[in-house]
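In UniProt numbering, the protein residues as written are 1 to 315.
Ideal placement from N, C-alpha and C gives every residue a C-beta, glycine not left out.
Remarks on the structure that follows.
Structure (structure tokens):
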């Protein structure tokens with residue numbers, strides 16, 4: 001596997017190193033009434049290029065395009081000469097109110113014991129849910145929670161309210177999904193509202209009933225605050241010779257708690273641009289402060305109050 005400058009970080013507190021760019025595969029395969037996807041040949045070309053550029057971390061799920069994403073990856077993996085150097089993440093996706101967590105994580109622990117799974121992570125949970133899972137696994141001496149896959153970007157920062165603190169305290173590595181917020185932070189969106197044909201934003205904007213977290217509409221973020229942020233990202237990118245997408249991804253990778261960011265690509269151009277964020281370069285402290293300030297949402301109670309009264313108490 002070649003390494004064209006992509007960096008690696010430990011996956012949480014495990015001894016496993018993963019590429020700082022994780023290839024998400026929600027775009028692989030076809031599903032009726034879904035945004036434009038990649039066929040198997042296109043998907044395999046993206047996977048080949050990802051590995052050629054040093055990527056070793058691939059993310060999927062059985063719900064992606066009705067299961068065809070996993071089949072496409074399986075076919076591709078079957079012809080890889082060195083499967084042991086590739087890390088595959090899949091998931092059940094969210095907290096389950098109907099099943100005791102003891103049952104869920106005992107079953108996952110059994111998979112680790114059987115050698116079918118190396119590490120356990122969680123996805124799409126609240127702060128108290130993550131802490132309860134971590135504590136339960138520790139108390140019952142089950143396999144520890146190694147990762148959290150959660151939505152996080154310059155346009156979606158709610159993960160910072162509680163989950164980031166839990167992850168820092170417990171040694172859980174964060175894998176942000178939708179780090180470009182469905183394309184809003186890719187540099188492709190223009191003020192005039194003319195959307196790229198086949199983009200997720202264009203597809204969702206045609207029918208707002210399609211709106212989900214990973215598929216935003218144009219109107220959802222068409223406001224002065226967001227345009228100012230995008231203009232600033234572009235300016236910072238120009239000073240580093242980097243794209244809007246690369247700066248947006250690097251903002252996440254500068255955070256110690258982040259192990260890798262989960263990107264999606266429908267073509268090689270998108271992939272190569274996103275992979276550039278994983279190379280060995282950095283945003284300055286000033287860059288980070290500017291981006292942090294411009295992207296800061298209105299923080300709800302009690303988080304705003306707790307943060308305000310502790311301004312002079314930070315260690």
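Residue i burial status per 10 Å Cβ neighbour count (16 or more: buried)
i	result
residue 64	buried
residue 270	buried
residue 26	buried
residue 152	buried
residue 107	exposed
residue 258	buried
residue 39	exposed
residue 217	buried
residue 43	buried
residue 314	exposed
residue 190	exposed
residue 241	exposed
residue 59	buried
residue 306	exposed
residue 309	exposed
Three-state class that DSSP yields for residue i in the structure shown
i	result
residue 93	coil
residue 13	coil
residue 301	coil
residue 1	Confidence at residue 1 is low in this model, with a pLDDT of 49, below 50, so its placement is unreliable and no value can be given for it.
residue 391	In the structure as shown, the chain begins at 1 and stops at 315. Residue 391 is therefore absent and cannot be evaluated.
residue 24	strand
residue 215	strand
residue 43	helix
residue 54	coil
residue 263	strand
residue 244	helix
residue 231	helix
residue 284	coil
residue 78	coil
residue 192	coil
residue 59	strand
residue 18	strand
C-alpha distance - residue i paired with residue j, whole-angstrom precision
i	j	result
residue 110	residue 121	14 Å
residue 169	residue 192	44 Å
residue 333	residue 77	Here the chain covers residues 1 to 315 and nothing more, so residue 333 does not appear.
residue 80	residue 116	19 Å
residue 287	residue 236	7 Å
residue 98	residue 14	30 Å
residue 6	residue 272	11 Å
residue 289	residue 296	10 Å
residue 250	residue 222	23 Å
residue 225	residue 82	47 Å
residue 160	residue 262	17 Å
residue 9	residue 177	17 Å
residue 113	residue 143	9 Å
residue 61	residue 88	10 Å
residue 291	residue 215	23 Å
residue 243	residue 136	43 Å
residue 275	residue 93	25 Å
residue 90	residue 75	16 Å
residue 129	residue 104	13 Å
residue 126	residue 162	8 Å
residue 299	residue 311	15 Å
residue 219	residue 139	47 Å
residue 96	residue 253	29 Å
residue 279	residue 18	13 Å
residue 281	residue 158	26 Å
residue 320	residue 232	Examination of residue 320 is not possible in this model, given that the chain is present from 1 through 315 alone.
Contact under 7 Å by Cβ, residue i with residue j
i	j	result
residue 72	residue 265	no
residue 173	residue 156	no
residue 101	residue 133	yes
residue 186	residue 20	no
residue 175	residue 141	no
residue 55	residue 23	yes
residue 248	residue 180	yes
residue 84	residue 28	no
residue 164	residue 131	no
residue 183	residue 12	no
residue 49	residue 268	yes
Interface flag, residue i vs chain E, CB-CB below 7 Å
i	result
residue 236	Among the chains in the structure shown there is no chain E, since it carries only a single protein chain.
Check your understanding: Can you list, in chain order, the stretches of the alpha helix (DSSP H) that have 4 or more residues and sit fully within the segment 82-137?
Key -> 101-113
Check your understanding: Which runs of the beta strand (DSSP E) spanning at least 3 residues fall entirely within the segment 144-184, listed in chain order?
Key -> 145-151, 173-177
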